Every structure is written in C-alpha cells, then in structure tokens.
Amino acid sequence: LLRPRSLTTVPSRSSSLTLLKMMLGRIAAASRLGARAFTAAARPGLASMAAVATPASRSFATKVHSPRPLSIRGDGLFIQCVVAALIYFVPQDLVFLGLLFGSWHSTASQTSPKNKQADAEAAVEEFKAKKGLDKVSVYKGRSTWQITV
C-alpha cells in the first residue's frame, strides 16, 4: 500500500538515487531523440522520423559546408606568400624550361636536319631515286614539304 509522504520528512538516500537515475534517463532519452532527428535530417530516407521529434534549432549563423575562406585580403599572409613564391620560383623555372627546350631543339635538329632547297620538286625526285621508292605522298606546305612513305 502506498501512503502519502508528509512534507516534513526528508527523502531517503535510496529515493534520491532513484530520482537521479530517473533524471539521467530522461536526459539520455532526450539526447537520443535529438541525435535521431539530426541523422534523419542528414539522411533523406529517415525524414519521417525527423518530423516526429525535431528539436528547435538556432538559425542565426550560416552553416559552413567546406573549409574555404570567406574573403582573401590583398595585404594578408596568403597573398604575400603567393607573391614571394612566384618571385622566387618563376625565374628558375624559366631558365630550366629554356634550357630543356633548347636541348630538345638541338637533338631534333641533329636527328633530322632541315635544309633549304632551291628546287623542291627536284629534291623530292632525288630523294625517291636515292631510297628506291616509287609511291610517295608529298604534302606541300607554305614553306615546308613533308614526304610520307
């Protein structure tokens, strides 16, 4: 039988623990509902659960979708680093690429030198006779002729 407690009695230690357990259980249940609504909003398939228990949200700040700067100042550290890197590396790259292209041009000129011919038709016929070729297609460009076998 249950009897009413009087207002003058001090709650026992066991009833204090019961109240504490009950309060912690309610907090845990509320946090689970909030987490469930949060995951339901993240997953479109669980939208029906979000409608059941959606906690009120604060919407005074915009949601950040990626870590990108909102603005880049012209006198900021990022721009200063980019300018310093360009000043330091571009001259080195230009020298390196100039030497590399010069080497490629030299190798190509030694492999297949280009000679200026006074009479291109006679040079093609001389080439065909020298190599013993009969069928040769000649592409006549503005300043260069190309022969394909």
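Here the working numbering is used: the first residue of the sequence shown is 535, the next is one more, and so on. Heads up, the beta-carbon is just placed ideally off N, CA and C, and yes, glycines get one too. All values reported here derive from a predicted model rather than from experimental measurement.
Nonlocal neighbours in the same chain, by C-beta distance under 8 angstroms from residue i, ignoring five residues either side
| i | result |
| --- | --- |
| residue 698 | Outside the displayed span of the chain (535 to 683) sits residue 698, for which this structure offers no information. |
Collapsed DSSP secondary structure at residue i in the structure displayed
| i | result |
| --- | --- |
| residue 600 | coil |
| residue 683 | coil |
| residue 674 | strand |
| residue 584 | Reliability of the predicted coordinates at residue 584 is poor, the pLDDT of 49 falling under 50, and the value obtained from them is presented with this limitation in mind. It is helical. |
| residue 668 | coil |
| residue 606 | coil |
| residue 647 | coil |
Rounded C-alpha distance that separates residue i from residue j
| i | j | result |
| --- | --- | --- |
| residue 646 | residue 603 | 53 angstroms |
| residue 560 | residue 552 | 12 angstroms |
| residue 637 | residue 595 | 59 angstroms |
| residue 658 | residue 683 | 12 angstroms |
Neighbourhood of residue i by C-beta, 7 angstroms cutoff - its chain only, sequence neighbours within 5 removed
| i | result |
| --- | --- |
| residue 680 | 673 |
| residue 671 | 682 |
| residue 654 | 679 |
Close Cβ partners of residue i (< 6 angstroms) along its chain, the five nearest in sequence each way excluded
| i | result |
| --- | --- |
| residue 563 | none |
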